[in-house]
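Chemist:
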Amino acid sequence: MRKKLSWAAVAGVALALLLLCTPAAAESFGAWQKIFIVDFIFDDHGVTEESSGIWYGTAPDPGIQAGPIEGTLADSGNRALTKFYLRDPRYQVGDALIEHDDGTVSVAEYTQYTPAVEIRVVLPYSPDARTLTLVDTGTGTTLATVDMVQAGSRLAETAPEELEFYEHATFVHRPGSGTSGSIIPPWLFLGAGLVLIAGAVLFTLRSARRPDPAGRAALWSRAGAVTRLAGSAVRARAAGFAGFCKRAVDALYHTSVLINFALIFAMIFVMLQGSFVIAGHNGEEILLVVLVCLEIPALLLLDVSLITTYRSLVNNA
Amino acid sequence: MQKKWRINLILLVIFGCGMLCIFLSGIIPLPKTPLSVRFEQQGPPGGDIVFRARDAKNQTPLEGVSYYIDDTFAGVSGSDGIFVLREGSYPVGTVMFRAARQGYRDWISQIDLAEICSLDLDFEESSIHPVLINGPPDRKIDVVFVPSDTAFNGSTRTKLRYAGYPGGREQFAADVSRFINRTFLASPSLMYENASAANAYPGKFNFYYFWDGQTFGDAFDGCAGTIPERYWEEVTFGDLTILLYPKYYGRYLDPASQPIGCTNTNGLGNVYLKIAADQYSLGIHETGHGLYSLMDTYCGNTYYRENDPNPNIWSSEEKCREDAVRRVRDPDGCRRISDDSAGCRKDFWRWDPDPDIMNEAYYGKFGSASTDRIQGILAGY
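Sequences listed follow chains A and B, in order. Heads up: the first sequence runs through residues 11 to 327, numbered per the numbering used here. Heads up: the second sequence runs through residues 154 to 534, numbered per the numbering used here.
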């Protein structure tokens with residue numbers, strides 16, 4: 011009889027060891043439990059639920075804190091699944107140590123009262139949970155009631171963003187499988203936008219080359235090697251711009267600044283006001299016209315080095 | 154001229170459309186697949202799914218990753234870091250997917266498994282670093298330390314801001330260990346009036362510190378300071394969080410000098426206190442507030458409330474005396490919380506004899522009443 015019992019004991023121990031060694035047992039450390047996360051706004055008017063939902067993790071022990079606010083997580087029969095107590099979260103209690111001149115030390119209080127605070131309650135998940143109520147035990151007033159069925163059906167808002175998952179994982183999709191998000195990728199919008207803007211600008215530049223019957227002109231220049239400007243070249247090429255000398259020059263643009271959207275807008279608005287734009291091939295052409303026509307524009311947009319050269323040329327002329 | 158205006162208007166509209174497109178490219182949501190989508194595997198939805206788990210830091214395969222689908226254990230990765238979810242073994246439609254491994258941050262997401270052929274998961278090291286573990290988190294009191302990148306000089310009333318915790322992780326870990334040893338693990342005879350009951354206390358705690366090199370609290374943003382949301386996302390289980398700052402410099406002059414320690418009883422799971430790393434006695438006092446809900450027993454403009462059950466202050470002398478008799482304590486030990494020299498008098502009574510750590514704050518022990526409350530809490534662990 012004793013032998014049978016000892017065999018039974020050995021078998022029991024072996025079975026227990028076997029159970030302990032299974033992966034499920036090894037993973038039951040408690041790190042992957044489910045929790046309720048409920049956020050409240052606590053102010054002088056009462057307590058308001060801000061959000062509620064589920065997440066994964068381990069809940070704190072609900073039995074540690076003491077205070078005048080009683081919380082109850084209850085099932086459909088209003089039986090308490092979890093009970094806890096909270097202190098008034100509007101008060102933060104601080105302490106300071108005062109060192110007196112005679113070497114003694116005393117404690118000084120430091121209390122911070124905040125009229126409205128956000129508090130969070132983390133509770134162990136239970137599929138049977140139906141309501142969470144907060145009651146002021148001093149007055150018996152129910153401060154808040156949360157529908158935990160709803161809370162149990164959604165992820166907590168405070169959970170880390172789901173997008174993070176996709177940032178770190180690599181999906182391998184089967185052709186035709188759906189993806190969430192926009193059907194048109196953002197780069198297509200960006201490309202289309204750039205093409206439209208470039209088209210509008212190019213067309214404007216092309217049309218600006220045509221003579222303007224109103225006789226007003228602005229000059230458009232690409233960044234050029236201004237330093238190569240020489241007296242002989244000025245004379246030789248000036249003839250090509252003689253036709254424009256009778257026109258007033260309203261503006262000079264330097265195309266190196268075209269990447270600036272604000273300047274693109276400025277250019278388009280100047281043109282819409284009736285100004286005529288001529289695109290020079292380089293900075294030399296712009297400055298040649300200025301030299302030959304002795305015309306100083308009312309608006310000048312050039313980069314710094316070109317402006318300096320322009321000023322010296324105009325002064326010399 | 155009218156024709157030119159019309160052309161200019163059209164150009165302006167085209168230009169505007171271009172700008173709108175560029176604007177839209179910045180605000181439309183990204184598709185929830187990375188740009189590195191590969192179509193190397195093909196087949197009908199619902200086939201085998203290959204999960205590859207790697208350590209994010211060194212890209213080595215990660216063994217022992219547990220996979221859960223809708224809270225049901227699905228399997229664990231092998232030494233090659235691979236786990237294959239077989240066709241027909243998982244539900245159709247959106248599921249709650251979790252991949253978890255001790256020491257790493259979980260992967261949690263709602264996904265449609267039918268969309269996936271394989272999934273590469275890089276696991277980042279957990280920011281929660283154990284210091285002393287005595288058991289599972291749900292069966293012990295879990296105390297987590299988080300670093301502050303600020304300190305304070307009381308004499309000049311100025312906040313000191315650092316680029317992280319001075320001395321980095323090594324210094325923080327050393328400060329945490331020293332603080333634990335001088336407070337929670339200090340000799341019970343130095344901390345408790347009833348030392349015999351307290352001998353088993355150290356084994357009832359788990360201690361951790363949080364360090365990711367980027368997340369720091371601000372101990373001097375308000376009384377108890379503030380702790381970033383990133384911390385609370387990962388630390389859901391903390392029974393007490395201690396925001397540890399390097400040092401309180403100078404002398405406290407007035408409220409503008411800011412408190413050295415402060416407790417924020419912010420709900421359940423988010424209770425925290427701040428304390429300087431070298432303030433051990435005041436640390437014990439603040440722990441009395443933060444962990445055991447003990448009340449101050451000194452007289453001042455602080456928060457008083459009879460903290461049932463096992464209170465350390467009572468709202469009437471009668472209640473104090475009745476409790477003392479019931480617990481075989483001398484009822485004459487009950488005295489009003491008052492300070493004649495400061496003209497302070499409260500309608501609360503205390504019993505614990507001085508030096509009472511909840512009265513002096515800078516030295517003393519937890520008296521019998523306080524220890525009863527602590528014992529009442531720790532008995533459950």
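From the three backbone atoms N, C-alpha and C, an ideal C-beta is built for every residue, glycine too.
#1: Run down chain B in chain order and give the residues with a C-beta less than 7 Å from the C-beta of Thr121(A).
#2: Taking Met249(B) as the reference, which of Ser242(B), Tyr221(B), Ile269(B) has the closest Cα?
#3: Using a Cβ-Cβ cut-off of 8 Å, state whether Thr68(A) counts as contacting chain B.
#4: Check the Cβ of Pro125(A) against every Cβ in chain E and list those closer than 9 Å, keeping chain order.
#5: Taking Cβ-Cβ distances shorter than 9 Å, what residues in chain B pair up with Gly63(A)?
#6: I'd like to know if Leu183(B) contacts chain A, where contact means its C-beta is closer than 8 Å to some C-beta of that chain.
#7: So, using beta-carbon positions, are Thr416(B) and Glu387(B) closer together than 8 Å?
#8: Please check the pair Lys400(B) and Asp374(B), which I expect to be a contact at CB under 8 Å, by giving their CB distance rounded to whole angstroms.
#9: Could you check whether the Cβ of Leu30(A) sits closer than 8 Å to any Cβ belonging to chain B?
#10: Spatial neighbours of Leu531(B) within its chain, please: CB distance less than 7 Å, with the 5 preceding and 5 following residues excluded, ordered by chain position.
#11: Can you check whether the C-beta of Phe46(A) is within less than 8 Å of a C-beta belonging to chain B?
#12: Can you round the beta-carbon distance between Ile129(A) and Asn419(B) to whole angstroms, since I take them to be within the 8 Å contact cut?
#13: Where in the segment 132–169 of chain A do unbroken runs of the beta strand (DSSP E), each at least 3 residues long, occur, reported from the N-terminal end onward?
#14: Could you tell me the alpha carbon to alpha carbon distance between Ser116(A) and Asp85(A), rounded to whole angstroms?
#15: Taking CB distances under 8 Å as the criterion, tell me whether Val245(B) reaches chain A.
#16: Please check the pair Ala126(A) and Ser62(A), which I expect to be a contact at CB under 8 Å, by giving their CB distance rounded to whole angstroms.
#17: Using the Cβ count rule (16 or more neighbours within 10 Å means buried), how would you classify Ser469(B)?
#18: Consider the Cβ of Val424(B): report whether some Cβ of chain A lies at a distance smaller than 8 Å.
#19: Closer than 7 Å by beta-carbon distance: list the chain A residues that pair up with Arg503(B), in chain order.
#20: Quick one: what does DSSP say Met448(B) is sitting in, helix, strand or coil?
#21: CA-CA distance, Gly520(B) and Arg314(B)?
#22: Could you pull the start and end residues of the alpha helix (DSSP H) that Phe332(B) belongs to?
#23: Applying the 10 Å Cβ sphere with the 16-neighbour rule, what's the burial state of Ile333(B)?
#24: Under 8 Å Cβ to Cβ from Asn352(B), same chain only, skipping five residues before and after it: list those, please.
#25: For His282(B), name the three-state secondary structure that DSSP assigns.
#26: Which residues bound the beta strand (DSSP E) around Gln122(A)?
#27: What does the alpha-carbon distance come out to for the pair Leu165(B) and Leu200(A)?
#28: Just the Cα atoms here: how many angstroms apart are Ser219(B) and Tyr445(B)?
#29: Whole angstroms are fine: how far does the CA of Tyr243(B) sit from the CA of Gly414(B)?
#30: Report all residues from its chain with a CB closer than 6 Å to the CB of Thr82(A); omit the five preceding and five following residues, and keep chain order.
#31: Rounded to the nearest angstrom, how far is the Cβ of Thr368(B) from that of Gly422(B), given a contact under 8 Å?
#32: Quick one: complete alpha helix (DSSP H) runs, 4+ long, within the segment 452–490 of chain B?
#33: I think Thr121(A) touches Thr455(B), with their Cβ atoms under 8 Å apart; what is that distance to the nearest whole Å?
#34: Out of Asp105(A), Trp197(A), Thr155(A), Gly203(A), point me to the one whose CA is closest to Val48(A)'s CA.
#35: Do Trp502(B) and Arg489(B) have their C-beta atoms within less than 8 Å of each other?
#36: Return the chain-ordered list of same chain residues with a C-beta closer than 7 Å to the C-beta of Leu198(A), the five sequence neighbours on each side being excluded.
Modeler: Quick look at the numbers:
#1: Translated into the one-based positions of the first sequence, residue 121(A) becomes position 111. What Thr121(A) touches in chain B: Asn454, Thr455, Tyr456.
#2: Here residue 249(B) is taken as the residue at index 96 of the second sequence, counted from 1. Residue Tyr221(B) is the option with its Cα nearest to Met249(B).
#3: On the first sequence, position 58 is the one that residue 68(A) refers to. Closer than 8 Å to some Cβ of chain B, the Cβ of Thr68(A) qualifies, so yes.
#4: The chain inventory of the structure shown lacks chain E, comprising the protein chains A and B.
#5: As a working mapping, residue 63(A) is identified with position 53 in the first sequence. Here the premise fails: no neighbours, minimum Cβ distance about 12 Å.
#6: Counting from one through the second sequence, the residue named residue 183(B) turns up at place 30. Note on Leu183(B): pLDDT 49, under 50, position unreliable in the model; the coordinate value appears next. Yes, Leu183(B) lies at the interface with chain A (some Cβ there is under 8 Å from its Cβ).
#7: As a working note, residue 416(B) is residue 263 in the second sequence. As a working note, residue 387(B) is residue 234 in the second sequence. Cβ atoms of Thr416(B) and Glu387(B): not closer than 8 Å.
#8: Within the second sequence, the letter at position 247 stands for residue 400(B). Within the second sequence, the letter at position 221 stands for residue 374(B). Not confirmed; about 17 Å, so no contact.
#9: On the first sequence, residue 30(A) is found 20 positions in, with the first residue counted as 1. Reliability of the predicted coordinates at Leu30(A) is poor, the pLDDT of 39 falling under 50, and the value obtained from them is presented with this limitation in mind. Not an interface residue.
#10: Position 378 of the second sequence holds residue 531(B). These residues qualify, in order along the chain: Tyr354, Lys357.
#11: As a first step, residue 46(A) is located in the first sequence; it is residue number 36 there, counting from the start. Chain B contact via Cβ: absent.
#12: Sequence index remark: in the first sequence, residue 129(A) carries index 119 (1-based). Sequence index remark: in the second sequence, residue 419(B) carries index 266 (1-based). That belief holds up - the Cβ atoms of Ile129(A) and Asn419(B) are roughly 5 Å apart, short of 8 Å.
#13: 141–146, 151–157
#14: As a working mapping, residue 116(A) is identified with position 106 in the first sequence. As a working mapping, residue 85(A) is identified with position 75 in the first sequence. The alpha-carbon atoms of Ser116(A) and Asp85(A) are separated by roughly 50 Å.
#15: Against the second sequence, residue 245(B) aligns to sequence position 92. No, Val245(B) does not count as interfacial toward chain A.
#16: Within the first sequence, numbered from 1, the residue matching residue 126(A) stands at position 116. Within the first sequence, numbered from 1, the residue matching residue 62(A) stands at position 52. In fact, because the Cβ distance is near 19 Å, the residues do not count as touching under 8 Å.
#17: Here residue 469(B) corresponds to residue number 316 of the second sequence, with the count starting at 1. Per the 10 Å Cβ criterion, exposed.
#18: Start at 1 with the first residue of the second sequence, and residue 424(B) comes out as number 271. Val424(B) counts as touching chain A.
#19: As a first step, residue 503(B) must be located in the second sequence, where it is residue number 350. Residues of chain A passing the Cβ test: none, with the nearest at roughly 14 Å.
#20: Within the second sequence, residue 448(B) is the residue found at index 295, counting from 1. Three-state result, Met448(B): coil.
#21: Position 367 of the second sequence, counted from the start, is the residue given in the question as residue 520(B). Position 161 of the second sequence, counted from the start, is the residue given in the question as residue 314(B). Cα to Cα, Gly520(B) sits roughly 38 Å from Arg314(B).
#22: Taking the first residue of the second sequence as 1, we reach residue 332(B) at position 179. 321–335 is the span of the alpha helix (DSSP H), which, as asked, contains Phe332(B).
#23: Locating residue 333(B) in the second sequence gives position 180, counting from the first residue. Burial call: buried.
#24: Counting from 1 along the second sequence, the entry for residue 352(B) is found at position 199. Correct list, in chain order: Pro341.
#25: Sequence index remark: in the second sequence, residue 282(B) carries index 129 (1-based). In this structure, His282(B) counts as strand in the three-state DSSP scheme.
#26: As a first step, residue 122(A) is located in the first sequence; it is residue number 112 there, counting from the start. Unbroken beta strand (DSSP E) run through Gln122(A): 115–123.
#27: For the purposes of this step, residue 165(B) is taken as residue 12 along the second sequence, with counting starting at 1. For the purposes of this step, residue 200(A) is taken as residue 190 along the first sequence, with counting starting at 1. Cα-Cα distance, rounded: 18 Å.
#28: As a working note, residue 219(B) is residue 66 in the second sequence. As a working note, residue 445(B) is residue 292 in the second sequence. Each residue's Cα considered, the two are about 36 Å apart.
#29: Working through the second sequence from its first residue, we reach residue 414(B) at position 261. Working through the second sequence from its first residue, we reach residue 243(B) at position 90. Taking the straight line from one Cα to the other gives about 52 Å.
#30: Sequence index remark: in the first sequence, residue 82(A) carries index 72 (1-based). If we look at Thr82(A) and ignore the five residues flanking it on each side, its Cβ neighbours are Ala90, Lys93, Thr143.
#31: As a working note, residue 368(B) is residue 215 in the second sequence. As a working note, residue 422(B) is residue 269 in the second sequence. So it is not a contact: roughly 17 Å between Cβ atoms.
#32: 470–479
#33: Here the question's residue 121(A) lines up with position 111 in the first sequence. Here the question's residue 455(B) lines up with position 302 in the second sequence. Right, the Cβ-Cβ distance comes to about 5 Å (below 8 Å), so this counts as a contact.
#34: If you number the first sequence from 1, residue 48(A) lands on position 38. Cα-wise, what sits closest to Val48(A) is Thr155(A).
#35: In the second sequence, counting from the first residue as 1, residue 502(B) sits at position 349. In the second sequence, counting from the first residue as 1, residue 489(B) sits at position 336. Result yes, Cβ atoms of Trp502(B) and Arg489(B) sit closer than 8 Å.
#36: Numbered from its first residue, the first sequence carries residue 198(A) at position 188. Excluding residues within five positions, none has a Cβ falling inside 7 Å.
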